[in-house]
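Q: Here you go, one structure.
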Ligand code: HEC
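In our numbering, the protein residues as written are 8 to 169.
Encoded structure:
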C-alpha cells in the first residue's frame with residue numbers, strides 16, 4: 008500500500024467512527040426526552056379562569072405559590088399549592104375552606120397573622136369553585152418519586168431502594 012492510500016484509509020476510518028459517535032449521541036438525546044414542568048391542572052379552562060379571579064381577589068398568592076409564582080413582598084411560609092390535588096381531595100378542600108377554624112383541621116405553629124385564614128364567609132359557589140380548582144392541581148408521578156428519593160437520601164445518607 009502506498010503512503011497516500013494509507014492516509015486516505017485512515018481518514019475514512021476516522022470519519023466513519025466520528026459519524027457513528029455523532030449518531031449515537033443524537034439518538035440518546037432523542038430518547039432522553041425533556042420531562043418538562045411536573046405540575047398541571049385537570050380542570051377545564053373555564054374553571055381555571057374563574058378560579059384565578061378568586062385566587063387574586065382573596066390574596067391567596069400573598070402566602071402561597073402557584074405555578075412557581077408568589078408575591079415576593081410577602082414571606083409567609085405557607086405550603087405551595089402546586090400539585091395540591093395529588094395530596095388533598097376536593098371534599099377535603101371544600102371542608103377546609105368552609106371551616107371557621109381551619110387550624111382545627113390542619114394545626115399550625117405559625118404566628119396567627121401568617122396562618123391560613125377562614126374562608127367560611129365566602130358564598131358556597133366560590134368555596135366549591137376554589138376546592139374544585141385546587142383539587143385539579145396535580146403533580147406527575149415521576150416528580151413525586153424523585154422528591155421522595157432525594158428526601159430519603161438526604162435524611163439517611165443511604166441509596167433509596169423502593
Ligand atoms: C395569610 C396567609 C394565607 C392566605 C391569604 C391564604 N393561605 Fe392557605 N394556608 C396558609 C398557611 C400558613 C397554611 C398552612 C396551615 C396553617 O399554617 O394554617 C395554609 C394552608 C392551605 C391549604 C392546605 C395545604 C395542605 O397542606 O393541605 C390550602 C389548600 C390553602 N391554604 C389554600 C388557600 C387558598 C385557595 C387561599 C385563597 C383563597 C389561601 N390558601 C389563602 C396561609 C394562607
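Every residue, glycine too, gets a C-beta built ideally from N, C-alpha and C.
Please check the pair residue 142 and residue 95, which I expect to be a contact at CB under 8 angstroms, by giving their CB distance rounded to whole angstroms.
A: 7 angstroms
Q: Output the distance between the C-alpha atoms of residue 9 and residue 19, rounded to the nearest integer angstrom.
A: Straight-line Cα distance between these residues: approximately 16 angstroms.
Q: For the ligand HEC, is there a heavy atom less than 6 angstroms away from the beta-carbon of residue 66?
A: Residue 66 Cβ: within cutoff of the ligand HEC.
Q: Would you call the segment 60–72 in contact with the segment 82–93, where contact means no fewer than 3 C-beta pairs closer than 8 angstroms?
A: yes
Q: Can the beta-carbon of residue 152 be found less than 7 angstroms from the beta-carbon of residue 167?
A: no
Q: Taking all protein chains shown into account, do 16 or more other C-beta atoms lie within 10 angstroms of the C-beta of residue 138, making it buried, or fewer, making it exposed?
A: Its Cβ being crowded by 16 or more others within 10 Å, residue 138 is buried.
Q: In three-state DSSP terms, what is residue 125?
A: coil
Q: Going by DSSP, what residues sit across from residue 146 in a beta bridge?
A: 46
Q: Grab the span of the alpha helix (DSSP H) containing residue 68 for me, first residue to last.
A: 67–70
Q: Can you tell me where the alpha helix (DSSP H) holding residue 109 begins and where it ends?
A: 109–112
Q: When you compare only the Cα positions, how much space is there between residue 66 and residue 123?
A: Roughly 11 angstroms separates the two Cα atoms.
Q: With 16 other CB atoms within 10 Å as the buried threshold, where does residue 11 fall?
A: exposed
Q: Could you spell out the range, first to last residue, of the alpha helix (DSSP H) harbouring residue 100?
A: 97–105
Q: Could you pull out every residue in the same chain whose Cβ sits closer than 7 angstroms to the Cβ of residue 97, ignoring the five residues on either side in sequence?
A: 138, 139 and 142
Q: Compare the beta carbon distance of residue 77 and residue 104 with 7 angstroms and say whether it is the shorter of the two.
A: In this structure, residue 104 does not lie closer than 7 angstroms to residue 77 by Cβ.
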